[in-house]
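Asks: If you're matching positions, the first sequence starts at 3 in the working numbering and goes up one per residue. Where a beta carbon is used, it is the ideal one built from N, C-alpha and C, also for glycine.
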Amino acid sequence: MARGARGGRRRGANGLGGPRVTNFDATSLRDRLCGTVGTDLIGSRITVCGWVARRREHGEHLAFVDVRDRSGILQAVVDGSVDVRPEYVVRITGTVRERPEGTRNERLATGDVELGECEVEVLAGAEPPPFPLDDRVETDEAVRLRYRYLDLRRESMQENLRLRATVNRALRAAMDDQGFCEVETPLLWAPTPEGAREFVVPSRLHPGEYYVLPQSPQIAKQLLMVGGFDRYYQIARCLRDEDLRADRQFEFTQLDLEASFVTQDDVMHFVSRAVLDAAEAATGERPSEIVTMTWREALDLYGTDKPDLRFGMVLQDLTADFAGTSVKAFSAPSVKAIRVPEGATLTRARLDALTEQAKGLGAKGLAWFRLTPEGLDGPLARFVNEAESRAIAGVDGAREGDLVLVVADEHALACRTLGALRLALGAPPVSAGPHRYLWVTEFPMFEGRDEDGNLVAAHHPFTMPHPDDLDTLETDPLSVRSQAYDLVLNGWELGSGSVRIHRADIQERVFRALGIDEATAEARFGFLLGAFRYGAPPHAGFAFGIDRLTAIFAGVENIREVIAFPKTQSGTDQMTGAPKAITGRQLRELHLAPVPKAR
RNA sequence: GGACCUGUGGUGCAGCUCGGAGUGCACGCCGCCCUGUCAAGGCGGAGGUCGCGGGUUCAAAUCCCGUCAGGUCCGCCA
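Written as structure tokens, this is what we have:
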């Protein structure tokens with residue numbers, strides 16, 4: 003702020019007394035950003051700073067130097083030779099002038115002008131970069147990460163990280179607007195013996211004892227509600243020591259929020275506002291209101307709890323059509339099918355691979371039918387009767403040349419299998435198509451039982467059951483819905499939230515259902531339950547991943563593209579070499595002794 | 001823990017199926033030439049333990065085994 007104001011008032015940095023330049027990018031060393039120099043400045047003597055993007059020399063009398071800074075590229079014309087190489091850091095003072103007729107460059111934002119009569123000052127030399135810094139060739143990611151500081155100079159990385167900043171700014175503004183208070187919660191927290199693997203921090207002052215880095219500020223934000231903060235948010239770093247993926251890093255950033263005296267609808271409203279504001283800021287277009295679907299509907303229609311709504315291939319239910327089937331492969335509690343448009347051309351090898359994929363997911367098999375002019379074609383085609391045949395041929399308005407895939411199995415398994423095949427066959431790239439937001443509500447309270455027969459919480463043990471299902475918590479727990487909800491964008495789970503339990507009686511019943519006795523509950527969540535005894539307001543919250551949201555806005559398949567210094571899939575940092583051994587002295591101070599690696 | 005893909009001068013690729021001299025292409029780099037280029041152009045040049053180790057073979061970038069690194073996915077992510 004001070005810098006901009008100062009820059010706005012001073013004379014040109016070159017001291018030559020050119021016309022006063024007013025902009026917020028001026029500093030003591032420069033007057034303008036390269037990419038902002040236009041015809042309005044013709045005649046001005048100005049100074050720019052940046053990196054040499056390219057040099058084109060024409061003998062000893064003329065050289066062109068393209069200077070690049072974060073805003074773009076400006077061509078400087080040097081009369082005479084100049085000893086600069088690509089990526090040298092330079093400060094060039096020159097006179098803005100119109101380019102001669104026929105030498106304008108339409109591909110350059112500053113292509114109508116150039117800097118003439120240049121004085122070139124080399125601020126720093128540079129070795130040739132180990133890989134090209136333009137976006138024309140895709141360099142191996144390991145190399146890019148080893149020299150991330152160079153990779154960040156590339157236009158696409160500049161855009162991605164600035165996009166991310168835009169998203170953050172919009173989210174903060176939306177939360178502030180909605181009366182939320184930003185509170186920072188600790189990075190050093192207490193171990194909790196459940197859930198995602200935590201990163202552990204040994205205590206120097208307390209031998210044999212440890213902090214952990216939070217996998218989310220979940221408990222802390224609920225305590226803030228007890229603390230009367232009413233509406234809290236934080237752009238929070240979360241850490242999980244779980245295996246990495248294209249959409250998962252050890253550390254990731256969430257917009258984390260919690261509010262008191264609210265319902266699920268209130269929270270969904272807060273989050274929608276923030277996400278849609280961010281979308282508008284990032285894409286320039288405000289998406290329409292976010293649609294809602296129950297978990298049950300999502301499973302039935304898309305075979306997943308995070309449907310990608312950009313394309314069809316919706317699951318059809320053929321259970322009734324096969325109720326009395328004589329085909330053994332189709333006598334199952336549920337028969338589901340999808341249509342693959344133009345799928346009849348898929349090779350046998352591809353179909354076999356899909357069958358393998360289906361079996362890998364636990365399905366007993368996969369039946370496929372080509373729709374040919376002669377009727378159904380496929381291994382099971384001659385076993386189905388006429389009515390069944392009509393049902394298959396009628397899936398989703400199937401036409402000649404299409405393929406219909408059928409899975410008969412337990413309901414959830416049949417749905418999930420076809421859901422996975424639907425994605426394998428139809429999912430567009432991240433960069434394609436519209437942004438289709440979706441709320442998925444009414445998640446089940448429990449996702450099954452563990453080996454001891456205890457129920458497993460689908461979300462976390464403080465999630466409030468659906469009020470209509472409270473009566474069956476003990477008698478039919480697996481059918482109990484919860485007040486948990488997810489936000490989905492183009493098949494990516496952006497985040498999830500829930501109404502929390504604030505009443506001791508309901509919490510006790512849920513703990514009992516989960517097989518958590520009083521002593522265990524006290525040991526694990528004692529301080530939270532203790533806090534709740536002093537007057538816990540009804541509260542609910544949400545958290546969603548900013549890395550994922552930004553990646554989709556940027557149209558990249560991988561969140562590493564929107565993170566300044568990410569880890570590789572094996573969790574290493576190619577630049578710093580982390581993780582690394584520490585010295586014996588450090589180990590001793592932390593009361594640690596390495597254990598020989600088991601082989 | 002598992003499956004699959006990739007690894008060839010600084011970078012991007014081809015060569016690998018069917019073994020025969022480190023062969024090729026593009027970019028970059030170095031030198032020289034060039035007064036309007038902009039992915040400048042012309043001429044010349046340097047640069048390689050074909051990720052690493054072992055095996056098969058008269059002979060391995062190429063086939064086999066192991067291993068390391070990177071990626072995608074499954075498990076995992078209450």
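(1) What is the C-beta distance between residue 283 and residue 334, in whole angstroms, given that I count them as a contact (C-beta under 8 Å)?
(2) Measure the C-alpha to C-alpha separation of residue 589 and residue 545 and round it to an integer number of angstroms.
(3) On a CA-only basis, which of 87, 550, 484, 212 is nearest residue 593? Give me that one, please.
(4) To which residues of the same chain is residue 113 closer than 6 Å at the C-beta, ignoring the five residues directly before and after it?
(5) Going by alpha carbons, who is nearest to residue 225 out of 528, 483, 566, 579?
(6) What does DSSP give as the partner residue(s) for residue 50 in the beta ladder?
(7) Which term fits residue 130, buried or exposed, when burial requires 16 or more other beta carbons within 10 angstroms of its beta carbon?
(8) Within a Cβ cutoff of 8 Å, which residues of the same chain sit near residue 468, ignoring the five residues on either side of it in sequence?
(9) State the Cα-Cα distance for the pair residue 504 and residue 373, rounded to the nearest angstrom.
(10) With a threshold of 8 Å on Cβ separation, who are the neighbours of residue 149 within its own chain once the five nearest residues in sequence on each side are excluded?
(11) For residue 601, I'd like the list of residues in its chain whose CB is within less than 8 Å of its CB, leaving aside the five on either flank, ordered along the chain.
(12) Should residue 190 be labelled buried (16 or more other beta-carbon atoms within 10 Å of its own) or exposed?
(13) At 4 residues or longer, and completely inside the stretch 92-151: list those alpha helix (DSSP H) runs for me, N to C.
(14) What did DSSP end up calling residue 344 once you bin it into helix, strand or coil?
(15) In chain order, what residues of the same chain lie with their CB nearer than 8 Å to the CB of residue 71, ignoring the 5 residues before and after it?
(16) Does residue 136 pass the burial test, meaning 16 or more other C-beta atoms within 10 Å, or should it be called exposed?
(17) Consult DSSP for residue 9 and reduce its assignment to one of helix, strand or coil.
(18) Can you tell me where the alpha helix (DSSP H) with residue 226 in it begins and where it stops?
(19) Measure from the alpha carbon of residue 315 to the alpha carbon of each residue in 303, 396, 325, 537, then state which is nearest.
(20) When the Cα of residue 187 is compared with those of 516, 442, 563, 222, which residue comes out closest?
(21) At the level of alpha carbons, what is the spacing between residue 74 and residue 488?
(22) Under 8 Å between the Cβ atoms of residue 310 and residue 414?
(23) Is it right to say residue 479 is buried, meaning 16 or more other beta carbons lie within 10 angstroms of its own, or is it exposed?
(24) Going by Cα to Cα distance, which pick from 90, 104, 227, 193 is closest to residue 127?
(25) So residue 236 packs on residue 184, CB below 8 Å; how close in whole Å?
(26) Kindly confirm or deny that the stretch 509-521 and the stretch 387-395 touch, where touching means at least three C-beta pairs closer than 8 Å.
(27) Would residue 492 be called buried (16 or more neighbouring beta carbons within 10 Å of its own) or exposed?
(28) If the criterion is Cβ atoms closer than 8 Å, does the pair residue 254 and residue 557 meet it?
(29) Could you compute how far the alpha carbon of residue 343 sits from the alpha carbon of residue 397?
(30) On the criterion of 16 or more Cβ atoms from any shown chain inside 10 Å, does residue 272 qualify as buried, or is it exposed?
(31) In this structure, does DSSP put residue 174 in helix, strand or coil?
Replies: With the structure as the only source:
(1) Position 281 of the first sequence, counted from the start, is the residue given in the question as residue 283. Position 332 of the first sequence, counted from the start, is the residue given in the question as residue 334. With a Cβ gap of about 48 Å, residue 283 and residue 334 do not count as contacting.
(2) Numbered from its first residue, the first sequence carries residue 589 at position 587. Numbered from its first residue, the first sequence carries residue 545 at position 543. Straight-line Cα distance between these residues: approximately 36 Å.
(3) To locate residue 593, count along the first sequence from 1; it is residue 591. Per the Cα distances, 212.
(4) If you number the first sequence from 1, residue 113 lands on position 111. Answer for residue 113: 106, 107, listed in chain order.
(5) Translated into positions along the first sequence, residue 225 becomes position 223. When C-alpha distances from residue 225 are compared across 528, 483, 566, 579, the shortest belongs to 528.
(6) On the first sequence, residue 50 is found 48 positions in, with the first residue counted as 1. In DSSP, residue 50 forms a bridge with 94.
(7) Position 128 of the first sequence holds residue 130. Exposed, because fewer than 16 other Cβ atoms sit within 10 Å of the Cβ of residue 130.
(8) Indexing the first sequence from 1 puts residue 468 at position 466. So the list reads 444, 447, 482, 483, 484, 485, once near-sequence residues are dropped.
(9) Counting from one through the first sequence, the residue named residue 504 turns up at place 502. Counting from one through the first sequence, the residue named residue 373 turns up at place 371. Whole-angstrom Cα-Cα distance: 56 Å.
(10) Along the first sequence, read from residue 1 onward, the residue named residue 149 stands at position 147. Excluding residues within five positions, the ones whose Cβ falls inside 8 Å are 131, 132, 133, 577.
(11) Working through the first sequence from its first residue, we reach residue 601 at position 599. Here the model assigns residue 601 a pLDDT of 41, short of 50, so the residue's position is not dependable and the matter cannot be decided.
(12) As a position in the first sequence, residue 190 is number 188, starting the count at 1. Exposed, by the Cβ-count rule.
(13) Whole alpha helix (DSSP H) segments, 4+ residues: 143-148.
(14) Position 342 of the first sequence, counted from the start, is the residue given in the question as residue 344. Coil at residue 344, not helix or strand.
(15) Position 69 of the first sequence, counted from the start, is the residue given in the question as residue 71. Excluding sequence neighbours, residue 71 sits near 35, 36, 37, 50, 51, 52, 53.
(16) Translated into positions along the first sequence, residue 136 becomes position 134. Label assigned to residue 136: exposed.
(17) Mapped onto the first sequence, residue 9 falls at position 7. Reliability fails at residue 9, whose pLDDT of 35 lies under 50, so the model's placement of it is uncertain and the value that follows must be treated cautiously. Three-state DSSP puts residue 9 in a helix.
(18) By one-based count along the first sequence, residue 226 stands at place 224. Residues 220-228.
(19) Within the first sequence, residue 315 is the residue found at index 313, counting from 1. Comparing Cα-Cα distances from residue 315 to each of 303, 396, 325, 537, the minimum goes to 303.
(20) Position 185 of the first sequence holds residue 187. It is 222.
(21) Locating residue 74 in the first sequence gives position 72, counting from the first residue. Locating residue 488 in the first sequence gives position 486, counting from the first residue. Distance between the alpha carbons of residue 74 and residue 488: 40 Å.
(22) What you label residue 310 is simply residue 308 of the first sequence in a count that begins at 1. What you label residue 414 is simply residue 412 of the first sequence in a count that begins at 1. No, the pair does not count as a contact, with Cβ atoms beyond the cut-off.
(23) The residue labelled residue 479 in the question sits at position 477 within the first sequence. The residue is buried, with at least 16 neighbouring Cβ atoms inside 10 Å.
(24) In the first sequence, counting from the first residue as 1, residue 127 sits at position 125. Closest by alpha carbon: 90.
(25) If you number the first sequence from 1, residue 236 lands on position 234. If you number the first sequence from 1, residue 184 lands on position 182. Here residue 236 really is in contact with residue 184; their C-beta atoms are around 6 Å apart, less than 8 Å.
(26) no
(27) Position 490 of the first sequence, counting from 1, holds the residue named residue 492. The residue is buried, with at least 16 neighbouring Cβ atoms inside 10 Å.
(28) Stepping through the first sequence from its first residue, residue 254 is reached at position 252. Stepping through the first sequence from its first residue, residue 557 is reached at position 555. No, they are not a contact pair.
(29) Translated into positions along the first sequence, residue 343 becomes position 341. Translated into positions along the first sequence, residue 397 becomes position 395. Looking at the two C-alpha atoms, the distance is approximately 11 Å.
(30) Looking up residue 272 in the first sequence gives position 270. Answer is buried; the Cβ neighbour count reaches 16.
(31) For the purposes of this step, residue 174 is taken as residue 172 along the first sequence, with counting starting at 1. Note: residue 174 maps to helix in three-state DSSP.
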